[in-house]
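Visitor: Residue numbers (my numbering): 109 to 350.
Glycine residues also receive a C-beta, built at the ideal position from the N, C-alpha and C atoms.
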Ligand SMILES: [Zn+2]
Ligand SMILES: [Zn+2]
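#1: How should residue 154 be labelled, buried or exposed, when 16 other C-beta atoms within 10 angstroms of its C-beta is the threshold for buried?
#2: Roughly how many angstroms separate the alpha carbons of residue 195 and residue 226, rounded to a whole number?
#3: Just the residues with CB closer than 7 Å to a heavy atom of ligand 1, in chain order, which are they?
#4: Say the cut is 7 Å; is the CB of residue 152 nearer than that to a heavy atom of ligand 2?
#5: Please report the distance separating the alpha-carbon of residue 197 from that of residue 184.
#6: Can you round the beta-carbon distance between residue 298 and residue 269 to whole angstroms, since I take them to be within the 8 Å contact cut?
#7: Give the straight-line distance between the Cα atoms of residue 122 and residue 306, rounded to the nearest whole angstrom.
#8: Going straight from the alpha carbon of residue 231 to that of residue 245, what length do you get?
#9: Please report the distance separating the alpha-carbon of residue 292 from that of residue 254.
#10: Roughly how many angstroms lie between the CA atoms of residue 318 and residue 115, to the nearest whole one?
#11: Just to confirm, is the Cβ distance from residue 304 to residue 341 under 8 Å?
#12: For the beta strand (DSSP E) holding residue 186, just list the boundary residues, first then last.
#13: So does the segment 249-265 actually touch the segment 204-217, counting three or more Cβ pairs closer than 8 Å?
#14: If I follow the unbroken beta strand (DSSP E) through residue 212, where does it start and stop?
#15: What's the call for residue 282, buried or exposed, on a 16-neighbour Cβ count within 10 Å?
#16: So is the beta-carbon of residue 123 under 7 Å away from any non-hydrogen atom of ligand 2?
#17: The beta strand (DSSP E) spanning residue 290 covers which residue range?
#18: Just curious, the alpha helix (DSSP H) that residue 254 is in, first and last residue?
#19: Cα-Cα, which of 166, 285, 239 and 118 is closest to residue 148?
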């Protein structure tokens, strides 16, 4: 297996170290067919893309698509799950300027409603240090993920199971029904081999992405490819692999 498109990368518009053009140049050097710029959702107080920057990013990506005919560049956003009712942090700008939307759980975000601070954020922090809370937290998080998948037209869930325990089988079943891609993310160690083996039977699609925050990590997915192979996931079900 070999990567042909990196669907999850970050730039200086969140906390990546390189510009969009530098990331695209690196992807071209590596012979990729496509790269997706997917900086962090707006509710991260430090790293989130400022709403007014989605237009700027769109214009830059359109310019690069005109400039190069050997690669396709797409704009997405790695939105944050900010509410226990499945809310993610997208507004009009994301809907207008992004080619599609991703969602993932992160530690740092401004909760959607004050109550979400306790039900979602604090609960997941507590479950990290108090293992007896993990089962109930997993059940709660899973409900949030299922609601999110019903509410939004998502292209992909990034690093499912990282930072936020979920019932990966329930999420995979729903993702297959909704044709939402689940990510194999070597940087965050999820989905891992054991999870992939458990959910392979649900028939959904996967992507193996670098989540690069610097040019030198673009397409750096060898361990993710090894996990997919070890779990017996057929190449035809991984959207960005040849
Ligand atoms: Zn992430
Ligand atoms: Zn990311």
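Guide: Quick look at the numbers:
#1: The residue labelled residue 154 in the question sits at position 46 within the chain shown. Answer is exposed; the Cβ neighbour count stays below 16.
#2: Numbered from 1 along the chain shown, position 87 holds the residue referred to as residue 195. Numbered from 1 along the chain shown, position 118 holds the residue referred to as residue 226. If you draw a straight line from the Cα of residue 195 to the Cα of residue 226, it comes to about 15 Å.
#3: Cβ atoms closer than 7 Å to ligand 1 belong to 186, 212, 214, 266, 267, 296 and 319.
#4: By 1-based counting over the chain shown, the position of residue 152 is 44. The answer is no for residue 152.
#5: Along the chain shown, read from residue 1 onward, the residue named residue 197 stands at position 89. Along the chain shown, read from residue 1 onward, the residue named residue 184 stands at position 76. Cα to Cα, residue 197 sits roughly 13 Å from residue 184.
#6: Working through the chain shown from its first residue, we reach residue 298 at position 190. Working through the chain shown from its first residue, we reach residue 269 at position 161. At roughly 4 Å, the Cβ-Cβ gap stays under 8 Å, so residue 298 and residue 269 are in contact.
#7: The residue you call residue 122 lines up with position 14 of the chain shown. The residue you call residue 306 lines up with position 198 of the chain shown. Rounded to the nearest angstrom, the two C-alpha atoms are 34 Å apart.
#8: Stepping through the chain shown from its first residue, residue 231 is reached at position 123. Stepping through the chain shown from its first residue, residue 245 is reached at position 137. So the alpha carbons of these two residues sit roughly 7 Å apart.
#9: In the chain shown, the residue the question calls residue 292 occupies position 184. In the chain shown, the residue the question calls residue 254 occupies position 146. Taking the straight line joining both Cα atoms gives about 19 Å.
#10: Within the chain shown, the letter at position 210 stands for residue 318. Within the chain shown, the letter at position 7 stands for residue 115. The alpha-carbon atoms of residue 318 and residue 115 are separated by roughly 8 Å.
#11: Against the chain shown, residue 304 aligns to sequence position 196. Against the chain shown, residue 341 aligns to sequence position 233. In this structure, residue 341 lies closer than 8 Å to residue 304 by Cβ.
#12: One-based indexing of the chain shown puts residue 186 at position 78. Element bounds for residue 186: 180-188.
#13: Enough Cβ pairs lie closer than 8 Å, so yes.
#14: Here residue 212 refers to the residue found at position 104 of the chain shown. Taken as a continuous stretch (DSSP letters only), the beta strand (DSSP E) holding residue 212 covers 210-212.
#15: For this step, residue 282 is matched to residue 174 along the chain shown. Label assigned to residue 282: buried.
#16: Sequence index remark: in the chain shown, residue 123 carries index 15 (1-based). No, ligand 2 has no heavy atom inside 7 Å of this Cβ.
#17: Start at 1 with the first residue of the chain shown, and residue 290 comes out as number 182. From DSSP, the beta strand (DSSP E) with residue 290 extends over 289-292.
#18: Counting from 1 along the chain shown, the entry for residue 254 is found at position 146. Looking at the DSSP string, the run of the alpha helix (DSSP H) that includes residue 254 is 242-259.
#19: Locating residue 148 in the chain shown gives position 40, counting from the first residue. The shortest C-alpha separation from residue 148 is found at 118.
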